[in-house]
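In my numbering, the protein residues as written are 47 to 363.
We put the CB at the ideal spot given by N, CA and C, even for glycine.
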């Protein structure tokens with residue numbers, strides 16, 4: 047059974063296949079003969095966290111692939127009253143053909159893999175956000191491949207991606223693990239005390255990868271020669287009580303016009319959204335010509351459809 051819990055669950059070659067498939071699904075969206083690899087299947091969408099892009103893109107994506115999306119709010123389930131994830135995974139496996147989960151603890155995803163009998167997709171955990179990473183790489187590959195879908199994997203290699211902000215968050219972990227896996231240069235930049243945690247290094251070891259990423263507290267040094275400057279919110283869900291301290295400590299790490307000028311002339315700005323203008327990013331950068339945030343948001347649909355279609359193909363073998 048193939049699952050998608052982390053960036054390294056697909057080989058480099060399989061990642062390129064997913065990008066090529068996403069391009070085909072995007073180009074053929076709405077065609078009467080569009081593939082329906084989930085036809086006759088019901089997929090659960092289990093959410094423990096609020097969501098806009100993830101919820102809508104997966105619900106639409108499952109439907110467009112011919113499947114039936116079953117929305118599951120964790121607060122409305124017996125999970126919220128003490129039923130164990132183990133029992134929930136076993137029960138839902140009797141009803142569903144697969145499940146997409148957006149949760150806090152990454153261990154919950156691993157429990158569903160261990161105790162269930164259906165493919166599991168990580169739609170975000172506090173540790174990793176692989177669907178967002180693959181979407182971001184597809185969005186860049188569209189631009190760097192010269193219009194050739196077969197070059198979408200190789201065009202990423204060697205590119206410099208800089209993630210600025212809370213590098214101990216799930217997006218920092220995601221970029222470190224995913225970029226190293228795909229052969230990219232990745233720099234994590236943030237204040238001291240917000241470095242990647244030990245669990246990220248353990249994941250590198252488990253995957254047999256060297257943690258060949260750079261951490262720095264100097265945003266100007268990090269931005270020099272970058273192909274992409276990427277940021278995320280400074281105060282994630284569940285961290286509201288840390289807001290004042292975080293806003294103060296992260297203030298020197300705003301992605302603004304000055305930092306963009308240090309990157310390559312054709313560098314892009316990316317953000318997984320929602321954004322807070324004036325905090326992690328200036329209005330001029332967020333709304334400027336080098337920002338590709340809404341292409342990113344749209345591509346969640348096409349990339350996630352490709353991931354689901356890939357899993358359906360592999361698990362049917």
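- Taken atom to atom, the span from the alpha-carbon of residue 294 to that of residue 87 is near 49 Å.
- With fewer than 16 neighbouring CB atoms inside 10 Å of its own CB, residue 124 falls in the exposed class.
- The distance from the Cβ of residue 164 to that of residue 143 is about 6 Å, consistent with a contact at the 8 Å cut-off.
- In the structure shown, the three-state DSSP call for residue 205 is coil.
- The beta carbons of residue 137 and residue 169 sit no closer together than 7 Å.
- The residue from 94, 335, 229 and 122 with its alpha-carbon nearest to that of residue 311 is 335.
- With contacts defined as CB atoms closer than 7 Å, residue 167 and residue 296 fail to qualify as a contacting pair.
- Exclusion of the five residues before and after residue 131 leaves 125, 154, 157, 158 and 161 as the residues of its chain whose Cβ lies within less than 8 Å of its Cβ.
- Under the three-state reduction of DSSP, residue 258 is assigned to coil, being neither helix nor strand.
- Nearest to residue 68 by alpha-carbon distance, out of 232, 141, 107 and 289, is 107.
- DSSP places residue 314 outside any alpha helix (DSSP H); the residue lies instead in the beta strand (DSSP E), whose first and last residues are 314-317.
- DSSP places residue 94 in the coil class of the three-state scheme, outside both helix and strand.
- Shown here for residue 356: same chain residues with a beta carbon closer than 6 Å to its own, the five before and five after excluded, namely 64 in chain order.
- For residue 115, the enclosing beta strand (DSSP E) has its first and last residue at 114-119.
- Contact between residue 260 and residue 234 holds: CB atoms are separated by about 7 Å, below the 8 Å threshold.
- Residue 351 counts as buried, since at least 16 other C-beta atoms from the protein chains shown sit within 10 angstroms of its C-beta.
- Residue pairing of residue 235 in beta bridges, as defined by DSSP: 210 and 262.
- The continuous alpha helix (DSSP H) containing residue 141 extends over residues 131-141.
- Contact between the stretch 169-184 and the stretch 107-116 is absent, with fewer than three C-beta pairs closer than 8 Å.
- Contact annotation: residue 220 and residue 179 have beta-carbon atoms nearer than 7 Å.
- Exposed is the label assigned to residue 340, since fewer than 16 other Cβ atoms lie within 10 Å of its Cβ.
- CA-to-CA, the gap between residue 127 and residue 121 works out to about 9 Å.
- Boundaries of the beta strand (DSSP E) harbouring residue 169: 166-170, taken from the DSSP string.
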